[in-house]
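Written below as structure tokens is the structure these notes are about.
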Amino acid sequence: DVKVTQSSRYLVKRTGEKVFLECVQDMDHENMFWYRQDPGLGLRLIYFSYDVKMKEKGDIPEGYSVSREKKERFSLILESASTNQTSMYLCASSTSGRPGYEQYFGPGTRLTVT
Amino acid sequence: SQQGEEDPQALSIQEGENATMNCSYKTSINNLQWYRQNSGRGLVHLILIRSNEREKHSGRLRVTLDTSKKSSSLLITASRAADTASYFCATDAASGSRLTFGEGTQLTVNP
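Chains A and B, in that order, give the protein sequences.
Residues in the first sequence are numbered from 38 upward in steps of one, following the working numbering.
Residues in the second sequence are numbered from 420 upward in steps of one, following the working numbering.
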């Protein structure tokens, strides 16, 4: 079974802190994704990656950056956390060919910025 | 705006009843997928239907796709309390390169 893990289930940070959210998948998937989920807004794509060292902006990249140094790991970075980045963050991965293949999700990280 | 929009936003039924959720989308697609999310957890893939398919079954799930109306429905038969979750449709646009998720339907199945 595909397993996608995220470094923390719950995280509390202060405004202005640099925050790292880590995601690891164990199925050698080429594609990895970061979403945020907010009530009434559904899932919104922040960044995605087709391959190592490769990244593409999603719908809401502002205030975020990503890093993919190894195939299995995709990190989301909040350069200077703000209260409006309080949200549930979900990582996902999928196999190659097309990014539209079914995605496997991690359990999510609920981030609170105070 | 979101490519996929679910209807209704919330649905409450009794155990044993059928639950139907609908999804509408705007552009041509390669496939449409349904996911389930238990409270506070990640999403789990349920079923994928390709644009050239009209109906697909998986256990108690039945998905239909009408590309002329740009809509899909998810039917859960003989619902159980454990089916209580949020259900999302996601589309893989023919011209695009990633999935776009709707806002979800919150299903509550009362014992």
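We put the CB at the ideal spot given by N, CA and C, even for glycine.
All values derive from a computational prediction rather than experimental measurement.
query: Through-space distance from T149 (chain A) to N121 (chain A), alpha-carbon basis; result: 9 Å
query: Contact with chain A by R517 (chain B), beta-carbon distance below 8 Å; result: yes
query: Sequence ranges, beta strand (DSSP E) only - wholly within the segment 64-119 of chain A, length at least 3; result: 68-75, 79-86, 101-107, 110-115
query: Simplified DSSP state of S420 (chain B), which is helix, strand or coil; result: Low confidence applies here, because S420 (chain B) scores a pLDDT of 40, under 50, leaving its location unreliable and the question unanswered by this model.
query: Interface flag, E99 (chain A) vs chain B, CB-CB below 8 Å; result: no
query: Beta-carbon gap between V528 (chain B) and T496 (chain B) smaller than 8 Å; result: no
query: Any C-beta of chain A under 8 Å from that of L467 (chain B); result: yes
query: Cα-Cα separation between I114 (chain A) and F57 (chain A), rounded to whole angstroms; result: 5 Å
query: Sequence-distant residues of its chain with Cβ nearer than 7 Å to E54 (chain A) (five each side left out); result: A118
query: CB contact flag (E425 (chain B), E522 (chain B), <8 Å); result: yes
query: Contact set between E522 (chain B) and chain A, taken where Cβ atoms lie within less than 8 Å; result: G77, L78, G79
query: Cα-Cα separation between E67 (chain A) and C128 (chain A), rounded to whole angstroms; result: 14 Å
query: Classification of E139 (chain A) by the beta-carbon crowding that lies within 10 angstroms, buried from 16 upward; result: buried
query: Rounded separation between G100 (chain A) and E116 (chain A) - CA only; result: 7 Å
query: Limits of the beta strand (DSSP E) - the one that Q62 (chain A) falls within; result: 56-62
query: Short Cβ contact (8 Å threshold) for L78 (chain A) with G95 (chain A); result: no
query: Proximity test, Cβ basis, 8 Å: L462 (chain B) and chain A; result: yes
query: Exposed unless 16 or more other CB atoms sit within 10 angstroms - verdict on D511 (chain B); result: buried
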